[in-house]
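To keep things clear, I will list the structure first and then write my remarks on it.
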Amino acid sequence: MHNKFYRILKPTKIGNVEVKNVIKYSEGSSMLPNAVPRYEYFRGSEGENVVDFSDYRGIDDLGDKLKIKAGTKWREVLEKYKVEFWSNMDFTVGGSVYFNDPIIGFNEFGKINGRVDVDAYLDGKYYSGRYKGGIVTNVYLKKEDKEIIYKRLDGELSELIPIIKSWYASRIPVFREVSLVKKGMESYILISYPKIREVLLQKLLNGFYDEISPVVEQLEYEYWYLGYSSLSDLENIINLMKESQLSVIRFRKDEIAFSIYSNRLLESIGNTLEYSTTEGEGLFNGCILCGKCVSVCPYGEQTNDIFHTPLGFYSISYFEKENDLANCHMCGLCEQVCPVRLDITKELRKVTKINQIPPKNLLRSIKSDLNSVLIITSLSEELEDQIIKSLIYLLKKGKRLGIFYLAEDFSKIVKDESSLEELLKFKEIYTITPEEYFYLQRLKKKTVVDIYNLQLLAMNDLKINKDNLHIPCLLRSELNESNFTCSSVFLNILNNKDNINRTIEKKITLCPLTARELNIKTPIDLLEINLDQNYINNFFKKLEIATKDLREDIEEDLGWYKDIDDRIVDEVYSTLIDGIIKGENIENLVLLYFKLNSMNLTENIKVILMDKLTKIIFS
């Protein structure tokens with residue numbers, strides 16, 4: 001199924017050639033004579049044999065130059081080094097050479113494919129040196145060793161174009177970069193040059209002011225048109241530029257390099273590079289195949305497969321309508337990085353086939369007429385220790401609240417198929433798991449409600465250092481934290497992929513499901529709450545002895561009255577129970593409440609005890 005992805009040549013075109021082999025390139029991989037490279041997800045060449053460089057990334061510092069693996073993005077290079085020229089931040093260095101992308105520095109350096117040394121294969125044979133075609137494996141770039149000055153001049157396009165033309169009328173100005181930029185509603189000339197040349201350029205800089213950095217191009221638009229043309233074609237390109245969101249026209253004597261980005265389809269122009277989106281509407285429901293979702297998707301990490309991500313969902317679904325690519329937990333991380341702001345989780349929910357999580361009816365709602373409740377769902381109902389400790393924690397903080405058992409399939413909540421109408425009456429909701437906290441946030445669109453996660457509350461009370469804490473992906477926003485990790489425990493419940501992340505080394509987690517699976521603690525576990533299981537045994541013994549004495553000494557004597565009023569013996573039992581539980585701490589009473597159904601007691605005693613504990617705990 002995945003081989004079909006490599007037929008996609010760009011978001012607007014699919015090739016006709018069936019892909020037979022896909023080779024993930026690594027150092028020393030052999031190269032078939034008829035192979036074609038794939039450097040990025042969003043563009044490729046047509047061929048039966050594809051060499052995928054997307055994982056072949058890294059930079060070797062060779063002193064005055066860099067050896068850059070072909071799958072490395074320009075963004076990764078510029079985060080660590082200064083180089084003489086570069087292209088779109090989301091393009092790979094190898095891809096830029098292979099497709100001959102426009103570069104910043106065009107006035108001085110010209111086209112990239114005539115400027116760089118490479119390791120490459122041409123017709124299946126390896127060569128090293130100046131690029132002369134074929135599949136690039138490594139690119140060598142010189143480090144920038146000069147101070148580069150950037151300046152800009154704002155104005156209308158009609159005012160700026162004559163200025164640039166005047167510079168090239170008699171000679172080539174010694175700028176490194178001469179760009180005409182249109183970004184949103186603003187337009188300006190951007191120039192750069194080594195500071196040492198400033199004396200040669202002073203007469204050309206009237207009205208210019210310092211710019212901190214050059215324009216940053218990245219894939220954040222649905223359509224792009226890049227290429228080269230003669231200066232005589234400038235007017236046609238300017239017309240397209242006016243309709244775009246971002247455009248950069250770079251000048252070099254009588255030639256221009258253009259990069260035009262738009263969120264709507266523009267008229268096709270000549271001389272565009274082959275990966276420009278000139279065919280018409282995109283084929284993948286707005287997805288531009290940038291792949292930014294791949295690096296953040298927990299589902300892709302769980303399956304160790306880039307196609308179990310929104311990238312795969314949008315692209316592979318074009319070929320295969322039936323697949324399991326939407327069976328994730330809708331965490332929304334993909335939407336945070338999507339440059340074209342797709343409503344990805346909405347589309348995933350339409351087709352997901354995640355497992356049901358039906359209620360086991362282990363609990364019941366208690367005093368759910370209160371404004372504040374601890375919510376228990378089919379996901380958390382088996383986390384008995386967490387439930388008990390959470391309730392005790394809140395009671396000790398003086399919180400008056402009930403328990404609301406949401407007895408419905410939790411997968412419907414994940415898929416947003418539950419109205420959650422029963423919860424609209426509450427003003428405060430407390431949750432035990434990150435999952436419940438995350439998915440119940442949609443209540444805030446319907447009513448005014450405060451929703452709390454108890455692990456976060458306990459974490460703050462205990463002043464736990466976040467460095468010592470496993471932060472699950474569904475709580476990332478609450479901690480404004482990028483250092484989060486999905487354990488895949490909840491994902492595994494939803495999709496049975498059986499690939500839980502057991503490499504988590506933290507001893508404390510905010511996720512009770514992860515804690516149970518990896519046998520580590522939650523903040524709730526670290527609170528000084530003692531669940532004394534011996535108390536249950538001792539209570540049972542006391543009650544057994546007391547009821548035995550009651551039967552022997554009193555019950556027979558009251559037998560004649562019981563036929564008149566059944567309540568009299570229950571009242572005696574009630575008084576007896578009062579004596580046993582009087583003065584008990586809240587930990588023991590809550591523990592007793594939750595263990596009551598498992599105790600071998602007569603039904604009438606259970607009812608009496610349940611009623612008393614409910615009044616004490618929830619009043």
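Under the UniProt record's numbering, the first residue of the sequence shown is numbered 1, with each subsequent residue one higher. We treat Cβ as the ideally placed atom computed from N, Cα and C, and that holds for glycine. Note that the structure is predicted; figures quoted are calculated from it, not measured.
N- and C-terminal bounds of the alpha helix (DSSP H) containing residue i
i, result
"Asp461", "Leu454 to Leu462"
"Trp167", "Leu157 to Tyr168"
"Pro214", "Where Pro214 is concerned, there is no enclosing alpha helix (DSSP H), given that its DSSP letter is neither H nor E."
"Arg341", "First-last for Arg341: undefined, no H or E at that position."
"Ser390", "Glu384 to Lys396"
"Gly312", "Pro310 to Phe319"
"Gly94", "Val93 to Phe99"
"Val489", "Val489 to Asn495"
"Ser411", "Phe410 to Val414"
Residue closest to residue i, alpha-carbon to alpha-carbon, out of the options
i, options, result
"Ser390", "Asp416, Glu18 and Tyr430", "Tyr430"
"Lys69", "Ile112, Ala120, Asn107 and Arg115", "Ala120"
"Lys80", "Gly58, Ala546 and Glu301", "Gly58"
"Leu406", "Leu394, Arg400, Asn206 and Leu424", "Leu424"
"Asp154", "Gly114, Ile112, Asp210 and Ile581", "Asp210"
"Ser619", "Asp385, Leu395, Gly94 and Val36", "Leu395"
"residue 638", "Glu584, Asn263 and Thr509", "Since the displayed the chain opens at 1 and closes at 619, residue 638 lies outside it and no answer follows."
"Asp32", "Val19, Glu46, Val50 and Phe42", "It should be noted that the sequence gives Leu, not Asp, for residue 32. Closest by alpha carbon: Val50."
"Asp40", "Lys20, Tyr25, Asn34 and Leu457", "According to the sequence as given, residue 40 is Glu; it is not Asp. Closest option to Glu40, Cα to Cα, is Tyr25."
"Val414", "Ile366, Asn480 and Ile493", "Ile493"
Continuous beta strand (DSSP E) stretch holding residue i: start and end
i, result
"Asp117", "Asp117 to Leu122"
"Ala257", "Glu255 to Ser262"
"Glu428", "Glu428 to Thr431"
"Arg252", "Leu246 to Arg252"
"Asp154", "Ile148 to Asp154"
"Pro472", "Segment: none, Pro472 is in no beta strand (DSSP E) and carries neither H nor E."
"Asp60", "Ile59 to Asp61"
Three-state class that DSSP yields for residue i in the structure shown
i, result
"Arg75", "helix"
"Glu177", "strand"
"Ile564", "Residue confidence is low: Ile564 scores 49 on pLDDT, short of 50, so the model does not pin down where it sits. Its coordinate-derived value is still stated next. Coil, per DSSP."
"Gly402", "strand"
"Lys292", "coil"
"Asn26", "Note that residue 26 is Ser in the sequence shown here, rather than Asn. In this structure, Ser26 counts as coil in the three-state DSSP scheme."
"Thr277", "coil"
"residue 621", "Outside the shown range of the chain (1 to 619) lies residue 621, about which nothing can therefore be said."
"Asp233", "helix"
"Glu45", "Sequence inspection shows Ser at residue 45; the Glu mentioned does not correspond to that position. If DSSP states are grouped into helix, strand and coil, Ser45 belongs with coil."
"Val449", "coil"
"Pro11", "coil"
"Leu66", "strand"
"Asp611", "helix"
"Ile529", "coil"
"Arg476", "coil"
"Arg197", "helix"
C-alpha gap between residue i and residue j, whole angstroms
i, j, result
"Ala169", "Lys346", "55 Å"
"Val373", "Lys397", "14 Å"
"Asp55", "Tyr535", "58 Å"
"Asn285", "Arg341", "12 Å"
"Thr72", "Phe109", "21 Å"
"Ile260", "Tyr228", "12 Å"
"Phe106", "Arg75", "19 Å"
"Asn327", "Leu348", "8 Å"
"Ile564", "Tyr573", "Confidence is the limiting factor: at Ile564 the pLDDT is only 49, short of 50, which leaves the residue's position unreliable, though a coordinate-based value still follows. One C-alpha to the other measures close to 17 Å."
"Thr137", "Val118", "7 Å"
"Ser598", "Arg364", "15 Å"
"Asn100", "Ser166", "28 Å"
"Arg38", "Glu220", "20 Å"
"Leu469", "Phe307", "30 Å"
"Lys242", "Lys182", "8 Å"
"Thr575", "Leu609", "11 Å"
"Ile164", "Lys203", "13 Å"
Inter-residue CB distance, residue i and residue j (contact presumed, cutoff 8 Å)
i, j, result
"Lys4", "Ile316", "7 Å"
"Pro310", "Cys331", "With a Cβ gap of about 11 Å, Pro310 and Cys331 do not count as contacting."
"Leu401", "Glu382", "Wrong, their Cβ atoms sit about 21 Å apart, outside the cutoff."
"Leu379", "Ile357", "6 Å"
"Ile500", "Ser488", "5 Å"
"Asn588", "Asp532", "6 Å"
"Leu246", "Pro11", "Contact doesn't hold; Cβ gap of about 17 Å is too wide."
Residue i CB to nearest heavy atom of the ligand PLP below 7 Å
i, result
"Lys582", "Ligands are entirely absent from the displayed structure, and the ligand PLP is therefore not among its contents."
CB contact check: residue i to chain D, cutoff 8 Å
i, result
"Gly282", "No chain D is present in this structure, which holds just one protein chain."
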